[in-house]
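Visitor: Take a look at this one; I'll ask things after.
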Amino acid sequence: MIWVWILVASAVVIGFHAALKIIGHGEGDVAQSLHLVRRFQHFATGMLFLAIYHFVDQTQARWLITIPTICFIIFDICRRKVFPRLNEWFISHWEWLLRPHEQWDSPPAALFFLAGVMVIVYLTTQRDIVILSILNVSICDPAASIIGILVGGPKITSKKSISGSLGAATCGTIAALIYHFISGVEINFILAFVIALLSELITVPYIDDNFTIPVFTCSLWMAAKAIFY
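Spelled out as structure tokens, the structure:
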């Protein structure tokens with residue numbers, strides 16, 4: 044399965060870059076506003092988690108995500124609050140992965156991503172739910188931003204558009220479909236679309252989508268399985 048995820052990741056990245064060139068934004072302001080490197084890093088991290096998760100049991104998965112998450116939290120507090128020179132060094136090397144407010148004021152999205160994945164491996168031992176949750180946060184969140192920027196249209200909130208949210212839900216459903224064909228796990232694709240859409244739309248003040256999407260995806264799938272399966 045690891046080679047499948049690698050091929051999927053490569054196809055998505057190559058295809059997206061080709062699409063940007065076709066529509067004429069390969070070197071323009073839109074491409075820059077999409078933060079392609081950060082989007083790819085986000086997607087690739089999720090695929091890496093899935094590849095590792097394929098080879099470990101649940102206890103090992105919990106250790107493998109808990110330790111780096113705790114270390115990252117400690118490091119982030121130290122670099123932003125305790126050691127300014129450490130933060131200057133960090134920004135000089137990794138500024139391209141940080142939003143402006145993440146450099147000094149707020150935890151980075153990567154920390155919320157790690158924390159969200161850590162929570163879901165403790166919430167459930169059902170591997171298909173964990174995988175669907177990681178797929179949603181890896182694919183739906185960047186898809187919402189990219190589609191929202193490229194397509195535009197009416198806003199639901201100041202940060203979410205109808206086109207972005209529907210695009211995210213569609214991408215999440217396609218990811219669930221691919222997972223179904225790879226694994227043979229039964230998936231209700233109407234539920235997959237609804238859960239992906241709700242997980243993208245639900246917002247919690249001061250909490251990044253990289254945390255809420257996997258946690259709500261996991262919780263909604265657990266509830267759906269208890270009711271419908």
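Numbering (our numbering), first residue to last: 44 to 272. Using N, Cα and C, we set each Cβ at its ideal position, and we do this for glycine too.
Compute the Euclidean distance between the alpha carbons of residue 197 and residue 204, then round it to the nearest angstrom.
Guide: Distance between the alpha carbons of residue 197 and residue 204 is about 6 Å.
Visitor: Taking 8 Å as the cut-off, is the beta-carbon of residue 172 closer than that to any non-hydrogen atom of the ligand NAD?
Guide: Absent from the structure shown: the ligand NAD. Ligands present: none.
Visitor: Report the three-state DSSP secondary structure of residue 198 (helix, strand or coil).
Guide: Residue 198: strand per DSSP, three-state reduction.
Visitor: Where are the alpha helix (DSSP H) runs, 4 residues long or more, that stay fully inside the region 164 to 196, in chain order?
Guide: Here the runs fully enclosed are 170 to 178, 184 to 194.
Visitor: Excluding the five sequence neighbours on either side, which residues of its own chain have a C-beta within less than 7 Å of the C-beta of residue 218, listed in chain order?
Guide: Answer for residue 218: 178, 182, listed in chain order.
Visitor: Give me, in chain order, the residues of the same chain whose beta-carbon lies closer than 6 Å to that of residue 8; leave out the 5 immediate sequence neighbours on both sides.
Guide: In the structure as shown, the chain starts at 44 and stops at 272, and residue 8 therefore has no counterpart that could be examined.
Visitor: Please report the distance separating the alpha-carbon of residue 263 from that of residue 231.
Guide: When rounded, the distance between both Cα atoms is 13 Å.
Visitor: One question on the structure: do residue 207 and residue 194 come within less than 9 Å of each other, judged by their Cβ atoms?
Guide: Yes, they are a contact pair.
Visitor: Leaving aside the five residues before and after residue 121 along the sequence, list all residues of the same chain whose C-beta is less than 8 Å from its C-beta, in chain order.
Guide: For residue 121, where only same-chain residues beyond five positions count, the Cβ hits under 8 Å are 129.
Visitor: Using C-beta distances below 7 Å, list every residue in its chain close to residue 251, excluding the 5 sequence neighbours before and after it, in chain order.
Guide: Excluding sequence neighbours, residue 251 sits near 152, 155.
Visitor: For residue 245, I'd like the list of residues in its chain whose CB is within less than 8 Å of its CB, leaving aside the five on either flank, ordered along the chain.
Guide: Cβ within range, chain order: 255, 259.
Visitor: Just the Cα atoms here: how many angstroms apart are residue 158 and residue 108?
Guide: Straight-line Cα distance between these residues: approximately 8 Å.
Visitor: Who are the Cβ neighbours of residue 172 in its own chain at under 7 Å, not counting the five residues just before and after it?
Guide: Cβ within range, chain order: 261, 264, 265.
Visitor: Since residue 277 contacts residue 139 with CB under 8 Å, what's their CB separation in whole angstroms?
Guide: Outside the modelled stretch of the chain, which goes from 44 to 272, sits residue 277, for which no answer is possible.
Visitor: If residue 210 sits next to residue 235, beta carbons under 8 Å apart, how far is it from one beta carbon to the other, in whole angstroms?
Guide: That belief does not hold up - the Cβ atoms of residue 210 and residue 235 are roughly 15 Å apart, past 8 Å.
Visitor: If I measure Cβ to Cβ from residue 241 and keep anything under 8 Å in the same chain, skipping five residues before and after, which residues do I get?
Guide: If we look at residue 241 and ignore the five residues flanking it on each side, its Cβ neighbours are 259, 263.
Visitor: From residue 269 to residue 134, what distance separates their C-alpha atoms?
Guide: Approximately 45 Å, taken between the alpha carbons.
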